[in-house]
Structures are given as C-alpha cells and as structure tokens.
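Q: Can you read through this structure? Questions will come right after.
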Ligand SMILES: NC(=O)c1ccc[n+]([C@@H]2O[C@H](COP(=O)([O-])OP(=O)(O)OC[C@H]3O[C@@H](n4cnc5c(N)ncnc54)[C@H](OP(=O)(O)O)[C@@H]3O)[C@@H](O)[C@H]2O)c1
C-alpha cells in the first residue's frame, strides 16, 4: 500500500557552501523514490540543528547541491521495493505505510524525505510531531553524552555551556534528573533565567558582567577543585576555560563548534591534571538498530511521562529557512528551531 504522493514538492536546497543566502527555496522539486531499505516520509515538522550550519558553510564537507536537515517527524507514505529472497526480511523494521515516525538521516528541509528505515522509529500515540522533532536529535545527544561518553552520577559537579540552546535546554534537565550539581553558562539575562527555571544550581552569564570570569566563578563554586565533567559545545571561545575549570582526573567532553572548532591540542596539555577528553558524535552511539531504538524509546518515555520539557524557539516555513540559520548563528535563540510544512 502507498499513500498518494504528488509529482513535486517544496524544498529548500543548498546550492553551494556559503552564508544563509545559499539556501534557496524551490516550489517544485522532484520527490525522491525510496530505494530498497528506505521509507518515504511526508514530513510534518523538521528540526534545524547547529550541525546544519556546519554543512552549509562547508566546515563539514558534503556534496552540493543538497537538501540539509537531519531529522523530521511525519507519516510513512511508501516503502522501498520489497526485499529480494536472500535479503534481510526485516529491512523495514516493522514500519508500515501510515505509521507516524521520526527519523534521523539527511534531507529534512523538504516536504518528503526518503530515509533508511533503520533510522526511522514509530512515535508513541500522544507525542506530537512538533514535540518529537524539538527533542529528538538534541535529546538523544543529551542522553548518550551523559550515559556513555561520561556516565554522570549523583553528586557530580557538571559544567554545561550554552545551556539555553536546543541541546542545552534538554541536557540541563537530564543532568538534574541524574542528580548532578549543574553549573550552566548562557549568553544574556533572559537565557540565564530560563536555565535557572530548569533547576540548574548556578547559571553564569558568560557574555555579561561575569563575562570572562566564568572560570573563576566555577572554581569558587566548587571550592577550588573544579568540576568532574565539562560538556562544551561552544568550542573555540571556551575550550581553554573548560580545561581550566575541570578538576584533577576530570573529563572534558567537546561535542560542538558553535563558536568554531577547538584547535589542535598538544596531548601534554592534559598531563598536569590527568584530564580525560572526549570528542563524541551522537551517531557513534546509535549505530545499531538496538542502540537507536534503545535511546529513542528512553527519550519517548521521558517526553510522554512529562519528565522532560521541550522548548520551541520558533516554527519557520521552508521559505524562511535562511532566516532561521541567521537567527541560530546570531545567538538569539533558546530551545529548538523547527520547520513546519503546511
Ligand atoms: N557531537 C554531537 O553528536 C552533537 C549532536 C548535537 C549537537 N551538537 C552540538 O551541540 C551544540 C548545540 O547545538 P544546537 O543545535 O542545540 O544549537 P544551540 O545550542 O541552540 O545554538 C548554539 C548556541 O551556542 C552558543 N554560542 C556560543 N558562542 C557562539 C557563537 N560564536 N556563535 C553562535 N553560537 C554561539 C549560543 O548560546 P549562548 O548565547 O548561550 O552562548 C547559541 O545559542 C552545537 O555545537 C552542535 O554542533 C553535537
């Protein structure tokens, strides 16, 4: 069975790497055919993530023209061709036409995406597309980094940068649920107040009055010891302070480049305090179907039980995707940016 699919769709295409103006709206773009093992999803809501800006600028290499966007929630409208006899019979992982799903792959800035069935998962009843898309990639990242990259334990001192952002908003809550003592940074009074509302133990405005003094402030709060772990997605502007603020035998998790990449680092910088560093990517923790479903279901449980709140900064149309990138890169946003298709 398939659901009706029109001949063309609306999509926003990255013509060539560049600034947000390189993202061009197309009102009549071809709809992809799902290949074997793929499902075609009619997207209802797609997420805009900071990683999209890395592919847009060319910081992360990729082919152009292309459709950016790594996640969306919607309805399965077609499956790829049936498996040949010798092939894995469960290549569609039990997905059926009509299922409400969320996926992590490529091509979300479009009404329809053909994505590997292995990276799509059925949504629980009652979880709205927008809430799922607001939480999926960011929430999986928060869970994987706090459960596997460094396993956060009750009582740990944790420093989290950019805590009002898409990942930060969810990670602050995940850390508090794990019993951590959270020192968060955020840029500006409004962001600080939002993160305080999530129960962070101390929130530092690292763009305001306290500014560059955030390292001293962390040391003061932790009685001169430093924190057990730093989660740093800001990169270039914070990496040195993060190394200063971590305690002896502590861990620094660098997981993003919002201000630019962490420069190459001589390993002996780690010796004086016996510091461990990690540079994880979410996709390394959800490489098997079992891992992907395990994290997805753990996140759904947190969302449907109300244990995790989502924050949506704004819903953008496909035509407004360039503006969404400008907003995200100008540090104006709190929580998640989404694309709605109507
Ligand atoms: N490794 C992984 O698997 C993985 C997965 C998901 C996300 N990430 C990373 O996690 C980070 C957060 O992603 P997100 O989509 O949720 O974005 P986001 O946190 O909503 O947006 C980025 C935030 O970074 C802060 N920032 C600090 N310096 C900045 C600068 N010079 N330019 C722009 N922003 C700056 C801003 O918050 P303030 O104003 O509060 O400073 C800004 O709001 C990104 O670095 C992303 O690459 C990594």
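Residue numbers (the UniProt record's numbering): 1 to 342.
Glycine is no exception: its CB is placed at the ideal position from the N, C-alpha and C atoms.
Let's test the definition: count the other Cβ atoms within 10 Å of the Cβ of residue 33 and tell me whether it reaches 16, buried, or not, exposed.
A: One-based indexing of the chain shown puts residue 33 at position 33. Residue 33 is exposed by the Cβ-count criterion.
Q: Mind pulling the beta strand (DSSP E) runs of 3 or more residues that sit fully within the region 232 to 264?
A: 246 to 254
Q: At the level of alpha carbons, what is the spacing between residue 308 and residue 302?
A: As a first step, residue 308 must be located in the chain shown, where it is residue number 308. As a first step, residue 302 must be located in the chain shown, where it is residue number 302. In a straight line, the C-alpha of residue 308 is about 5 Å away from that of residue 302.
Q: Look up residue 46 in the DSSP assignment and say whether it is helix, strand or coil.
A: Taking the first residue of the chain shown as 1, we reach residue 46 at position 46. In the structure shown, residue 46 sits in a strand (DSSP, three-state: E or B).
Q: For residue 9, does the three-state DSSP call read helix, strand or coil?
A: Within the chain shown, numbered from 1, the residue matching residue 9 stands at position 9. Strand.
Q: Is the region 318 to 336 in contact with the region 159 to 168, if contact means three or more CB pairs nearer than 8 Å?
A: yes
Q: Where does residue 9 land, buried or exposed, given buried means 16+ other C-beta within 10 angstroms?
A: As a first step, residue 9 is located in the chain shown; it is residue number 9 there, counting from the start. The residue in question, residue 9, is buried, as its Cβ has 16 or more Cβ neighbours within 10 Å.
Q: Report, in whole angstroms, the separation of the C-beta atoms of residue 195 and residue 186, which I expect to be a contact under 8 Å.
A: Within the chain shown, residue 195 is the residue found at index 195, counting from 1. Within the chain shown, residue 186 is the residue found at index 186, counting from 1. Their Cβ separation, rounded to whole angstroms, is 5 Å, which keeps residue 195 and residue 186 in contact under 8 Å.
Q: Taking the straight line between their C-alpha atoms, what separation do you get for residue 188 and residue 314?
A: Counted from its first residue, the chain shown places residue 188 at position 188. Counted from its first residue, the chain shown places residue 314 at position 314. So the alpha carbons of these two residues sit roughly 19 Å apart.
Q: Rank 247, 215, 207 by C-alpha distance to the C-alpha of residue 225 and give the top, closest one.
A: In the chain shown, counting from the first residue as 1, residue 225 sits at position 225. Of the residues 247, 215, 207, the one whose Cα lies closest to the Cα of residue 225 is 247.
Q: Just the Cα atoms here: how many angstroms apart are residue 37 and residue 81?
A: The sequence position of residue 37 within the chain shown is 37, counting from 1. The sequence position of residue 81 within the chain shown is 81, counting from 1. When rounded, the distance between both Cα atoms is 8 Å.
Q: Could you name each continuous beta strand (DSSP E) segment of 3 residues or more that falls completely within the region 159 to 201, going from the start of the chain to the end?
A: 181 to 186
Q: Would you mind stating whether residue 339 and residue 109 have Cβ atoms separated by less than 9 Å?
A: Stepping through the chain shown from its first residue, residue 339 is reached at position 339. Stepping through the chain shown from its first residue, residue 109 is reached at position 109. Yes, these two residues count as a Cβ contact at 9 Å.
Q: Tell me residue 30's beta-bridge partners as DSSP assigns them.
A: Numbered from its first residue, the chain shown carries residue 30 at position 30. DSSP, once it has assigned bridges, lists 8 as partnering residue 30.
Q: Considering only DSSP beta bridges, list what residue 38 is partnered with.
A: Residue 38 sits at position 38 when you count from the first residue of the chain shown. 116.
Q: Between residue 282 and ligand 1, is there a pair consisting of the residue's CB and a ligand heavy atom that are separated by less than 8 Å?
A: Here residue 282 refers to the residue found at position 282 when the chain shown is read from its first residue. For ligand 1, at least one heavy atom lies less than 8 Å from the Cβ of residue 282.
Q: Just to confirm my understanding: we take residue 257, look at its own chain, exclude 5 residues before and 5 after, and list those with CB closer than 6 Å. What are they?
A: Within the chain shown, the letter at position 257 stands for residue 257. Closer than 6 Å at the Cβ level, and outside the excluded window around residue 257, lie 235.
Q: Exposed or buried, residue 137, counting other C-beta atoms within 10 Å across all chains shown (16 or more means buried)?
A: For the purposes of this step, residue 137 is identified with residue 137 of the chain shown, where counting begins at 1. With 16 or more Cβ atoms within 10 Å of its Cβ, residue 137 is classed as buried.
Q: What does the Cβ neighbour count give for residue 15, buried or exposed, with the cut at 16 atoms within 10 Å?
A: For this step, residue 15 is matched to residue 15 along the chain shown. That one is exposed.
Q: Who pairs with residue 278 in a beta bridge, going by DSSP?
A: Working through the chain shown from its first residue, we reach residue 278 at position 278. Its beta-bridge partners are 253.
Q: So residue 299 is in the beta strand (DSSP E); what residue range does that whole segment cover?
A: In the chain shown, the residue the question calls residue 299 occupies position 299. Residue 299 -> not in any beta strand (DSSP E); alpha helix (DSSP H) instead, spanning 289 to 304.
Q: In terms of residue numbering, what span does the beta strand (DSSP E) encompassing residue 313 cover?
A: Here residue 313 refers to the residue found at position 313 when the chain shown is read from its first residue. Unbroken beta strand (DSSP E) run through residue 313: 312 to 316.
Q: Mapping the DSSP letters down to three states, classify residue 217 as helix, strand or coil.
A: On the chain shown, residue 217 is found 217 positions in, with the first residue counted as 1. Correct three-state label for residue 217: helix.
Q: Is the distance from the Cβ of residue 31 to the Cβ of residue 112 below 9 Å?
A: For the purposes of this step, residue 31 is taken as residue 31 along the chain shown, with counting starting at 1. For the purposes of this step, residue 112 is taken as residue 112 along the chain shown, with counting starting at 1. One thing to note: residue 31 has its Cβ within 9 Å of the Cβ of residue 112.
Q: Tell me whether residue 319 sits in a helix, a strand or coil according to DSSP, three-state version.
A: Residue 319 sits at position 319 when you count from the first residue of the chain shown. It is helical.
Q: Starting from the Cα of residue 160, find the closest Cα among 324, 253, 342 and give me that residue.
A: Walking along the chain shown from the start, residue 160 turns up at place 160. The residue with the shortest Cα to Cα distance from residue 160 is 253.
Q: Count the C-beta pairs between the region 141 to 157 and the region 91 to 106 that are closer than 8 Å, then say yes if the count reaches three, no if not.
A: no
Q: Rounded to whole angstroms, what is the Cα-Cα separation between residue 114 and residue 40?
A: Along the chain shown, one-based indexing puts residue 114 at 114. Along the chain shown, one-based indexing puts residue 40 at 40. The straight-line gap from Cα to Cα measures roughly 4 Å.
Q: Where residue 51 and residue 66 are concerned, what is the direct C-alpha to C-alpha distance, given to the nearest angstrom?
A: Numbered from 1 along the chain shown, position 51 holds the residue referred to as residue 51. Numbered from 1 along the chain shown, position 66 holds the residue referred to as residue 66. Taking the straight line joining both Cα atoms gives about 15 Å.
Q: Return yes when at least one heavy atom of ligand 1 lies under 8 Å from the C-beta of residue 328, else no.
A: Mapped onto the chain shown, residue 328 falls at position 328. Within the cutoff, so yes.
Q: Roughly how far, in whole angstroms, is the beta-carbon of residue 72 from the beta-carbon of residue 49, given that I think they are within contact range, below 8 Å?
A: Counting from one through the chain shown, the residue named residue 72 turns up at place 72. Counting from one through the chain shown, the residue named residue 49 turns up at place 49. Not quite, the Cβ-Cβ distance comes to about 11 Å (not below 8 Å), so this is no contact.
Q: Quick check: what's the CA-CA separation for residue 11 versus residue 221?
A: If you number the chain shown from 1, residue 11 lands on position 11. If you number the chain shown from 1, residue 221 lands on position 221. Going by the C-alpha atoms only, they are around 49 Å apart.
Q: In whole angstroms, what is the alpha-carbon distance linking residue 223 and residue 96?
A: Walking along the chain shown from the start, residue 223 turns up at place 223. Walking along the chain shown from the start, residue 96 turns up at place 96. Computed Cα separation, rounded: 56 Å.
Q: Hey, would you say the C-beta of residue 54 is under 8 Å away from at least one heavy atom of ligand 1?
A: Stepping through the chain shown from its first residue, residue 54 is reached at position 54. Answer for residue 54: yes, Cβ within range of ligand 1.
Q: State the start and end residues of the unbroken beta strand (DSSP E) segment that holds residue 337.
A: Here residue 337 refers to the residue found at position 337 of the chain shown. Taken as a continuous stretch (DSSP letters only), the beta strand (DSSP E) holding residue 337 covers 336 to 340.
Q: Could you give the residue range of the alpha helix (DSSP H) that holds residue 140?
A: As a working mapping, residue 140 is identified with position 140 in the chain shown. Note, residue 140: alpha helix (DSSP H), 129 to 144.
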